[in-house]
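Working notes, beginning with the structure itself.
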Amino acid sequence: MVNFSTGIVALLASTASLSNAFSTSQTGAHRQSTALSMADGENSRRTFMTESVMALGGIVSAAAITGVPAPASARVYLDPAMYGDQELRVSAVDSLREAVRRSLLQNPKLVPYFLELALLDGLSYNTATSEGGPDGSVIKAVMSSKETDAHTKSLQECASVLLQAKKNLKKMSSITIADAVALAGAEAVNAVGGPVLPCQLGRTDTATNAPIPSSMPPLNLFTGDASYEVVLDTFRSSGLTEREMTALLGCLLSIDTIEKATPEGDWKESKKPKFREAGKMGRMSEFKALTDEDIANELAKDDDESYTIEGDDDWYIADTFGTQEDRFGKRVNSGEKPQLSTALKNLAKTSTSSTQYSWVKDFLLSKDLPTAQTWVQKYGSKPLIYEKDLKVAYNSVTQLGGEFTGGKYESLLKNKKRKT
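For what it's worth, our numbering labels the leading residue of the sequence shown as 1, then goes sequentially.
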């Protein structure tokens, strides 16, 4: 017992000097010290033990402060089963896509801004601090912005479309604003003839009273006003590679180029056949509808049999068939389906008159980014590879910092290495 007590005293004595390093020194009557002492007095032994415990606690706390910080928990949680059965999920997704497509047909200039919202939301993730991520915080950042320039107003108009779509969906189903941002970016690409980009569902929204993450990129990141160093650092700090950065910036440049090359007002012109009947597909829609007089004449030809038609004469068959253009609205551009890789193929010829993202040319062709130059050449010559990589890149940026939760999805997908 004596040996044990002696060992404790020796340990405390050896740590006394360390505790002084973290003690707060004050002058005058309020000066305090965490140094251990064996002062004489009635409660000297109890005081000694109390101060010993406090000193050890201070040392442990100081070690935790000065050591490598533990990684923070992810702010974005993904629960693919949060929408319930497949019918509810499809209903929510289709309703949102229709709302986005309608807004694009009314104002085609919003096409690149929906994609910007999705990119800014995903790029808010910081791998060093695990802060941010695609949780819909970009909507709060955009709507609270005091800027009055055309770029900010366009972002705010897109954000208003998504907020209104979410509000309307509450009457039937529901969708998180974080999922709405990611889906809208994919729909904007598809609206100009691009591929259908994959988009994982199940993101949880940020808390209503939560502050905008400090890692949120500047809203003018893609306007050309931000320096190239800021753009590059934003992609790198989020964990994306230069290959993924090239694919995403090339897509932003491509859809804006396609939209600006489309004659204004083309979207109002219907491509449906003149005599199309609801509920009929293909060649059947080209036949002229029979009138009551035609039916009466045919019935009058048969004297042996009589036909009696009972029930509602005004039958209606819902037109739920056809392509995505029939269901969600026609594409913003007209003519043949464009190749998104064309903009990268002709990147060196890009000018301010053809797109507002002409700065992407100087950025991706910079001598400081040889890897990006390599991928620009490859994507420009091989459209299929570009579309494949674009799908992977968009799926990645809309899931940065996400952590899967809920039953089998958590066990299968949690901590799974991101595909690049």
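Don't be surprised by glycine CBs; every beta carbon is placed ideally from N, CA and C.
Per DSSP, the continuous beta strand (DSSP E) segment holding L78 begins and ends at V76 to L78.
Under the criterion of beta carbons closer than 8 Å, T405 and Y77 qualify as touching, at roughly 5 Å. According to DSSP, R243 shares a beta bridge with no other residue. In the DSSP assignment, F363 falls within the alpha helix (DSSP H) that extends over W359 to L364. The DSSP-derived three-state label of G402 is strand. In its chain, beyond the 5 residues on either side, G250, V376, Y379 and G380 have a beta carbon closer than 6 Å to the beta carbon of L344. Between G239 and T127, the gap from beta carbon to beta carbon is short of 7 Å. S95: member of the alpha helix (DSSP H) spanning Q86 to Q106, first to last residue. The region 201-213 makes contact with the region 165-183: 3 or more CB pairs, one atom from each, lie closer than 8 Å. Excluding residues up to 5 positions away in sequence, L197 and P198 lie with their Cβ nearer than 6 Å to the Cβ of K391 in the same chain. Per DSSP, the beta bridge partners of E131 are N126. For G185, the enclosing alpha helix (DSSP H) covers residues I177 to A191. Nearest to A150 by alpha-carbon distance, out of L299, N220 and Q373, is N220. About 6 Å separates the beta carbon of L169 from that of S95, a gap short enough to meet the 8 Å contact definition. The residue from S91, E229 and R101 with its alpha-carbon nearest to that of E187 is R101. Bounds of the alpha helix (DSSP H) holding S238 are Y228 to S238.
Under the 8 Å Cβ criterion, the region 358-372 does not count as touching the region 116-123, having fewer than three qualifying pairs. Closest in alpha carbon position to P134, among Q156, P217, E157 and M82, is P217. Remark: C-beta atoms of P112 and I255 approach each other more closely than 7 Å. In this structure, L252 lies near Y357, with their beta-carbon atoms less than 7 Å apart. For the 7 Å CB-CB criterion, A165 and I212 do not form a contact. Taking the C-beta atoms as reference points, L115 is found nearer than 7 Å to G185. The beta carbons of S91 and V161 sit no closer together than 7 Å. L117 is positioned such that its CB atom lies no closer than 7 Å to that of V93. Taking C-beta separations shorter than 6 Å and ignoring five residues to either side along the sequence, the partners of Q339 in its chain run P383, following chain order.
Using a Cβ distance threshold of 7 Å, A372 and T246 count as a contacting pair. Setting aside the 5 residues that flank it on each side, Q156 is surrounded in the same chain by V142, M143 and S145, each with a C-beta closer than 8 Å to its C-beta; the list follows chain order. Put simply, the backbone Cα of W359 is about 44 Å away from that of G84.
Around the beta carbon of E403, a 10 Å sphere encloses 16 or more other beta carbons of the protein chains shown; the residue is thus reported as buried.
A buried status is given to R97, since no fewer than 16 other beta-carbon atoms sit within 10 Å of its beta-carbon. Distance between S353 and D79, taken at the CA atoms: about 44 Å. In the DSSP assignment, Y394 falls within the unbroken alpha helix (DSSP H) covering P383 to V397.
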